[in-house]
Structures are given as structure tokens and as C-alpha cells.
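Residue numbers (the working numbering): 2 to 390.
Ideal placement from N, C-alpha and C gives every residue a C-beta, glycine not left out.
Remember, predicted model here, so these are calculated numbers, not experimental data.
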């Protein structure tokens, strides 16, 4: 199913997978209340989710390259639905952490599989734009998760009902995707990823290093926006959830805009992507610093919308750059490696941010995230030099 219909199908899968995974990020305020958690332990829930995601990345990347993306994507979405159902019925914090480990592991199918799938169906000459459209599935799914969880929390059914809905949607879409999508087959066997070969490339090393700081900013912002707005701005949970959805919406615009810009720059795909990453990173630093000054719901919505446009717009450009650097038969393992460092940021930064907030306040936490994105801007600036040839 090559062409825009195929791109739409892959993007739809990505949206539902991200809905299943990111719904827990919108539930942080409710987890804190239901289980009596500190802000640091709220960060630990995100770290455990990210740990499951990270542990299986290379396995899933190898599975995609070996057996093709279709079976991995169908099985992954079914497992995500199972994880969402587990969150809905978790009776204790310890059980919740075990369920989140499974949920995160299931989401490890997403990046290696969809990156390979979207390149397989992309219309000629629209490679970077289709990658950006596919990445919009992440922000759309996350935004829908924010709305679903925070809005159901205001009903008599409570926030857990949102996860029951997520589980049902994941099941239906997994079956539909398995019926309609065929995709490309793999090599027929799983091999060990050539991590040493990838890391021997200076350009790849720079990009994956930058990924750590992007992951820290994106996952921490996603995890703490609702809590920050309810505690520091005094916003209602529904309003805070809507702001998180707005962040994802503007992030979608940033992803599409970034991909379209890369396709139009008179440079090679890798270097054009690197230049756009520098711009997104630099503007992202300014936006993160700005949100420390918000004190009303309207100002928060505007500040976080701008943050979403640039910081949350990064992943599409990041993966467009990465897939341009490596041969097509290594996309699965290369993007698994790139996602690994993004996830490392998501593993370490949320509890560190929570600790900073508990001990020094939210401003210290946001400034630390801004400093990290500034480092990413320097790394991608160096990448523009290495990709001149």
C-alpha cells in the first residue's frame, strides 16, 4: 500500500500506540492523589515506563529488520492494549509499576517499526514530509490521551475509565491494521545489532548524544505539565490536560513544518535536517525559560504552545536526519539506537526534575531542562559541519 493511503495507515497506528503509552503521563496528578506519591515518586512511575521501553528497543529493532514491520506492529499494539487495561485495574503502586514496565516494553515496537514502514510507503520525493506526518501520530496520540484521561477523571467513572477506553481502541486498531497493512518483509532472521559499527560514525554519535537531551525535555515536560499547572498556576485538571493536548497539537505543527522545510532546503537530507534541528533547539531553549514566568492559565497555554512547536517538533527532524545517515537495511537498528538515548533522557530526567522541584522549586527544574536542550543545539551545530560532504 504505497502512497498517501499507506502513510495514513502507519500514522494511524502510531497515534493509537502513542495514545496507549502517553496516557500515563497525563495521569500523574491522579496517581499522586490515589497512591499518595511525592513528586519524586511520580517521576519514578515515568522512569519505570521508560525502562520497559528502553530494555526492548534493540530487540524490536532487530525483529523489524529480520521479520518485517507488520507482525511486530500488530503484536505491539495488542500488548499496549493489555498494558492499558492493567493500569485501569492496578490495586497498588507496586502493581502499577509492574504494569507500566510491560506497557513501556510494548511501546518499544513503535519507532523501529513505523520508521521502516513509513519509508516503505512514502511517495517519491516526499521522504522527509512523510516521516514528519508519521511522527505527528505521536503528538496526536499523546494529546488525545491527555484529554481522555483528564476529562474522564471529571466524570463519575474516574480517570481509570480512560485507560479502559484506550485498551478497547488498541484492540480494534490492531485487528484493522493487521487486515489492511502488508508492508515489506525482513531478512528472515534476527541478527545482533552492529552497535559498534554505528557508533564508529562521528555523525551518528553526535545525533544520538543530542537525543538524550531531547528525550529529557520532551518526556519530563509531558510528565509534569499537568502537575505544574495544577500546583503552580492553580489550573483545574481538565484545563491542565487541555494545555498538555495543546502542546502536542503545536508539536504536530512543528513536526510537519520541520519536515517540509527540510525537503525544501537546497542541501542533502542529513545536513538540511541538522540545520533545522539547530533552529528548533535554540528556539526551544527560549521557550522553556519562558514558561517559568507564567502565572495565569492563558499565559501558560501560550507559553507551552510555543514550547510544543519547537521542542516537541524535534523528533520528526531527528529521525529524518538519522535515516538519511544510515543505509536502508539498517534503519531498524539505527533508529532503535537513537530512541535508546532519547529514552535514557526520559529515564533519568523526570525523577531528577521532581527532586529539583521538591528541593528548589519548579524554576530550577525548567532551567535545567533548558540547559540540556542548549547542549543539543551545540551538538547538532557540530553535525552540520560533519555533513558538509
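Spatially closest choice to residue i from the options, by CA coordinates
i, options, result
"residue 281", "40, 358, 183 and 254", "254"
"residue 69", "149, 214, 234 and 182", "182"
"residue 19", "4, 34, 380 and 54", "54"
"residue 114", "239, 74 and 202", "74"
"residue 81", "15, 37 and 127", "15"
"residue 205", "381, 9, 72 and 285", "381"
"residue 421", "285, 145, 208 and 230", "Nothing can be reported for residue 421, as the shown portion of the chain is limited to 2 through 390."
"residue 60", "389, 334 and 127", "334"
"residue 383", "288, 271, 359 and 357", "271"
"residue 378", "327, 269, 275 and 62", "275"
"residue 184", "366, 368 and 8", "8"
"residue 44", "296, 221, 337 and 122", "221"
"residue 295", "283, 308 and 284", "308"
"residue 30", "199, 259, 310 and 236", "236"
"residue 290", "24, 124 and 369", "369"
"residue 164", "149, 177 and 173", "149"
"residue 230", "27, 331, 284 and 48", "27"
"residue 13", "173, 219 and 388", "173"
"residue 167", "224, 104 and 199", "104"
"residue 323", "238, 200, 310 and 353", "200"
"residue 41", "366, 353 and 365", "353"
"residue 273", "125, 238 and 129", "129"
"residue 283", "258, 264 and 311", "311"
"residue 365", "292, 67, 52 and 326", "292"
Reduced DSSP category for residue i - H, G, I as helix; E, B as strand; rest coil
i, result
"residue 293", "coil"
"residue 92", "coil"
"residue 245", "helix"
"residue 160", "coil"
"residue 269", "coil"
"residue 124", "coil"
"residue 235", "coil"
"residue 1", "Within the shown structure, residues of the chain are numbered from 2 to 390, placing residue 1 beyond reach of any answer."
"residue 182", "coil"
"residue 274", "helix"
"residue 203", "helix"
"residue 155", "coil"
"residue 326", "helix"
"residue 110", "coil"
Beta-carbon proximity check, residue i vs residue j, cutoff 9 Å
i, j, result
"residue 343", "residue 256", "no"
"residue 17", "residue 179", "no"
"residue 112", "residue 120", "no"
"residue 313", "residue 140", "yes"
"residue 175", "residue 78", "yes"
"residue 339", "residue 319", "yes"
"residue 109", "residue 83", "no"
"residue 262", "residue 277", "yes"
"residue 248", "residue 144", "yes"
"residue 321", "residue 260", "yes"
"residue 50", "residue 32", "no"
"residue 332", "residue 116", "yes"
"residue 89", "residue 161", "yes"
"residue 315", "residue 219", "yes"
"residue 85", "residue 171", "yes"
"residue 87", "residue 337", "no"
"residue 4", "residue 122", "yes"
"residue 351", "residue 224", "yes"
"residue 234", "residue 297", "yes"
CB contact check: residue i to chain D, cutoff 9 Å
i, result
"residue 141", "Although the question refers to chain D, the structure presented lacks it and comprises just one protein chain."
Cβ pair count under 8 Å reaching 3, the stretch 304 to 317 against the stretch 344 to 352: Under the Cβ criterion (8 Å, minimum of three pairs), the stretch 304 to 317 does not count as touching the stretch 344 to 352.
Under 8 Å, with one C-beta from each stretch per pair, do the stretch 371 to 387 and the stretch 204 to 221 reach the 3-pair mark? A contact exists between the stretch 371 to 387 and the stretch 204 to 221.
Could you tell me whether the stretch 233 to 248 touches the stretch 148 to 156, using the rule of 3 or more Cβ pairs below 8 Å? Yes, since at least three Cβ pairs between the stretch 233 to 248 and the stretch 148 to 156 fall closer than 8 Å, the two stretches touch.
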